[in-house]
Every structure is written in structure tokens, then in C-alpha cells.
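**Q** One structure coming up, written as C-alpha cells, with questions to follow.
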Ligand code: HEC
């Protein structure tokens, strides 16, 4: 009996490919670097406001944990702490993003208040350091380590939006549907014949099987290595974004090769009963 179910899987794969191209463009837009806006008003205020605004912001928001004179308490000592003076971005990053027991102040304090309090703690209780302005932060944020850039794909999104998750899901469903369909076409042949299917595998087929099994091991090792590298990145400060593309690619290759191995096994190594499908159905499963 002739099959009529090979067209839909091809259409599904075509749709998946189109979605893939659309997604690449969406992701690309997300990864385009946003120009850092340096507000001259905030720059000008930074060197003037810290003794007044800075002190006020500190006693309202920070003194409870870090002490009125930066001597420490629930939070660490700020007075005389070398890193705060040496690292131009540490205090700014802590105040905006928070860490551990310290809350993030981004959105709670105004831009100029953040610079004021950062400059206040860098220049009080015997501390002495350069004044930090948005220009300082802009300059520091453009110096991403080349090692990190090398390990980061161009297509890693900063964040995935809801509609992108939806598109990815549809893409994966279409792709799986298409591949399973093509597989059953390939494994079961053009004609569905009831009876018993006996297989004799040739050396080429055995070699292909061995190559696929080796591939599973290789991509498995690559996946574990990438995960360990990315885990180290998470622990680092500042956090190094994980290379999601590589992780996903290696994991997908492992899954894909396992599927290929099963397919090869069914096609070339397994004796099986061949069943006739319902002739009226378009879909094979
Ligand atoms: C609820 C308590 C709490 C408040 C409020 C708080 N902090 Fe902190 N702060 C912490 C803790 C805890 C840490 C240590 C975080 C870590 O490294 O795990 C910390 C760390 C820091 C550091 C880094 C110190 C170092 O040596 O690494 C700076 C700078 C800092 N805080 C400044 C501020 C400023 C400025 C404010 C007010 C805008 C503030 N903190 C408000 C608890 C607090």
C-alpha cells in the first residue's frame, strides 16, 4: 500500500526553518548593544551633591546596616575598605544591583542620588577616591573581557521575551513533527507491507552506528565541560553570562544523535513486525 503521509512533515520542517530565521533576527535586535546615555546634568551634579544629598541618602537607606560612620553592622564595614576605593564600579554595582543580604536600590533611588551616595561612601570617614559619574560607569561597562566575548555567541539573547518563547515552542513542535514524520517515511519505506521484516546489517551500517555512538560521547563531554565553565561564570563577580547557545547546541546534539542511533537500530539492526497503518489517516501517529 502506498504512503501519502510524507508531505506534512516536509511542510512542518519548512515552517520551522522560517521561524528559525525570524527568531535569529529578533535575537539579533536584542543583542545589539544599547548606547549608554551619559546625562550631563547627572555628571555635573555628581561632584557637587555627594556631601549633602549623599549623606542624607546614606543615613536614610544605608546607615542601618553599614553604621552611621561606615563602621559596619549587618553589612560590612565601608570606612577604610580598600576595594570600595580601588574598584570604580564596585560600590555602584552593589547599590544598583544589591547582593546577598543587601537589597538593590535601582529604581528606589534616583540616578543622581545613587551617584551621590556612592561618592559619599568613597570619600567619607577617611576614604578618598575619584568622583564617579555616569561617564565612569559607561567607560567601565564597555570593557568586557575578550575571554568572555570569545566564549559568547553573537546570538545569545540578553533575555527571552514571551513571544520569543512562543515562537521557539512552535518551532520545536514543527521540527519534531517533521523529523519524526520523515523518519517514519525513511524507516518504513514507501510501501507499507504487512509481514515480518528481517534485517542484515552491512559493515558500513555498523560503522555508521559506531560513529553515531561516539558522537553521543563527544557531545556529552563537550556539554559537561561547557556547563562547568558556565557554572564558574555564575559564581564570578561580576557574573559572566552563560553561553546558552553552546549549552543548547551540545545538549541538542546529544538528544539528536540518540534519536539517530535508535533510528539506525530500527532500520538496520532490528528484526520487526511491519504493521499496516490506517490508510485513511494523513498523519502517521
Ligand atoms: C539590609 C542591610 C543593608 C542595607 C540597607 C544596605 N546594605 Fe550594603 N551591604 C549589605 C551586606 C549584607 C553586604 C555584603 C554583600 C555581600 O558581599 O554578600 C553589603 C555590601 C555593600 C558594599 C560592598 C562592600 C564590600 O566590601 O564588598 C557596599 C559598597 C555597600 N554595601 C553600600 C551600601 C549603600 C551605599 C547602601 C545604601 C544605599 C547600602 N549598602 C545599604 C547590607 C546592606
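Residue numbers (this note's numbering): 1 to 285. All C-beta atoms, glycine included, are put in the ideal place defined by N, C-alpha and C. Source: prediction; values computed, not measured.
In angstroms with no decimal places, state the Cα-to-Cα distance between residue 109 and residue 21.
**A** Here residue 109 is taken as the residue at index 109 of the chain shown, counted from 1. Here residue 21 is taken as the residue at index 21 of the chain shown, counted from 1. Going from the Cα of residue 109 to the Cα of residue 21 covers about 41 Å.
**Q** Rounded to whole angstroms, what is the Cα-Cα separation between residue 218 and residue 139?
**A** Indexing the chain shown from 1 puts residue 218 at position 218. Indexing the chain shown from 1 puts residue 139 at position 139. Those two C-alpha atoms are separated by around 41 Å.
**Q** Could you tell me whether any non-hydrogen atom of ligand 1 is closer than 8 Å to the CB of residue 99?
**A** As a first step, residue 99 is located in the chain shown; it is residue number 99 there, counting from the start. Result yes, Cβ under 8 Å from ligand 1.
**Q** Could you check the C-alpha separation between residue 97 and residue 71 for me, to the nearest Å?
**A** As a working note, residue 97 is residue 97 in the chain shown. As a working note, residue 71 is residue 71 in the chain shown. In a straight line, the C-alpha of residue 97 is about 22 Å away from that of residue 71.
**Q** What do you reckon, are the CB atoms on residue 53 and residue 104 nearer than 9 Å?
**A** Along the chain shown, one-based indexing puts residue 53 at 53. Along the chain shown, one-based indexing puts residue 104 at 104. No, these two residues do not count as a Cβ contact at 9 Å.
**Q** Is the stretch 219-230 touching the stretch 172-181, taking contact as three or more C-beta pairs under 8 Å?
**A** Touching, no, given that fewer than three Cβ pairs across the two stretches are closer than 8 Å.
**Q** Does the beta carbon of residue 61 fall short of 8 Å from some heavy atom of ligand 1?
**A** Translated into positions along the chain shown, residue 61 becomes position 61. The answer is yes for residue 61.
**Q** Would you kindly work out how many angstroms separate the C-alpha atoms of residue 230 and residue 240, rounded to a whole number?
**A** Locating residue 230 in the chain shown gives position 230, where the first residue counts as 1. Locating residue 240 in the chain shown gives position 240, where the first residue counts as 1. Approximately 8 Å, taken between the alpha carbons.
**Q** Below 6 Å CB to CB, which residues in the same chain sit around residue 34 once its five sequence neighbours on both sides are set aside?
**A** Sequence index remark: in the chain shown, residue 34 carries index 34 (1-based). Because the pLDDT of residue 34 is 49, which lies under 50, any placement of that residue in the model is unreliable, and the question is left without a value.
**Q** How many Å lie between residue 90 and residue 84 at the Cα?
**A** Here residue 90 is taken as the residue at index 90 of the chain shown, counted from 1. Here residue 84 is taken as the residue at index 84 of the chain shown, counted from 1. In a straight line, the C-alpha of residue 90 is about 6 Å away from that of residue 84.
**Q** Near residue 124, what residues of its chain come up, given a Cβ to Cβ distance below 7 Å and the 5 sequence neighbours on each side ignored?
**A** Taking the first residue of the chain shown as position 1, residue 124 is located at position 124. Excluding sequence neighbours, residue 124 sits near 70.
**Q** If contacts are defined as beta-carbon pairs under 8 Å, then residue 58 and residue 131 qualify, I think. What distance do you get, rounded to the angstrom?
**A** Position 58 of the chain shown, counted from the first residue, corresponds to residue 58. Position 131 of the chain shown, counted from the first residue, corresponds to residue 131. Going by Cβ atoms, the distance from residue 58 to residue 131 rounds to 16 Å, so no, they are not a contact pair.
**Q** In angstroms, rounded to a whole number, what distance separates the CA positions of residue 286 and residue 45?
**A** The first residue shown for the chain is 1 and the last is 285, placing residue 286 beyond what the model contains.
**Q** Between the beta-carbon of residue 47 and the beta-carbon of residue 136, is there less than 9 Å?
**A** What you label residue 47 is simply residue 47 of the chain shown in a count that begins at 1. What you label residue 136 is simply residue 136 of the chain shown in a count that begins at 1. Against a cut-off of 9 Å, the Cβ pair of residue 136 and residue 47 comes out as no contact.
**Q** Can the beta-carbon of residue 171 be found closer than 9 Å to that of residue 23?
**A** Counting from 1 along the chain shown, the entry for residue 171 is found at position 171. Counting from 1 along the chain shown, the entry for residue 23 is found at position 23. Cβ atoms of residue 171 and residue 23: closer than 9 Å.
**Q** Throw me the rounded Cβ distance for the residue 214 and residue 261 pair, which I believe falls under 8 Å.
**A** Translated into the one-based positions of the chain shown, residue 214 becomes position 214. Translated into the one-based positions of the chain shown, residue 261 becomes position 261. Between residue 261 and residue 214 the Cβ distance is about 11 Å, and since that is not below 8 Å, they are no contact.
**Q** Where DSSP assigns a beta bridge to residue 99, which residues make up the other side?
**A** Looking up residue 99 in the chain shown gives position 99. Per DSSP, 102.
**Q** Indicate, with yes or no, if ligand 1 has a heavy atom lying under 8 Å from the CB of residue 91.
**A** Taking the first residue of the chain shown as position 1, residue 91 is located at position 91. Yes - ligand 1 has a heavy atom lying nearer than 8 Å to the Cβ of residue 91.
**Q** Does the beta-carbon of residue 306 have 16 or more other beta-carbons within 10 angstroms, so that it is buried, or is it exposed?
**A** An answer regarding residue 306 cannot be provided, because it is not within the stretch 1 to 285 covered by the chain.
**Q** Please go through the same chain and pick out, in chain order, the residues whose beta-carbon is closer than 8 Å to the beta-carbon of residue 42, but skip the five residues on each side of it.
**A** Stepping through the chain shown from its first residue, residue 42 is reached at position 42. The residues are 111, 112, 115, 133 and 134.
**Q** Using CA coordinates, which residue listed in 61, 267, 56 and 11 is at the minimum distance from residue 198?
**A** On the chain shown, residue 198 is found 198 positions in, with the first residue counted as 1. Taking only the C-alpha atoms, the option nearest residue 198 is 267.
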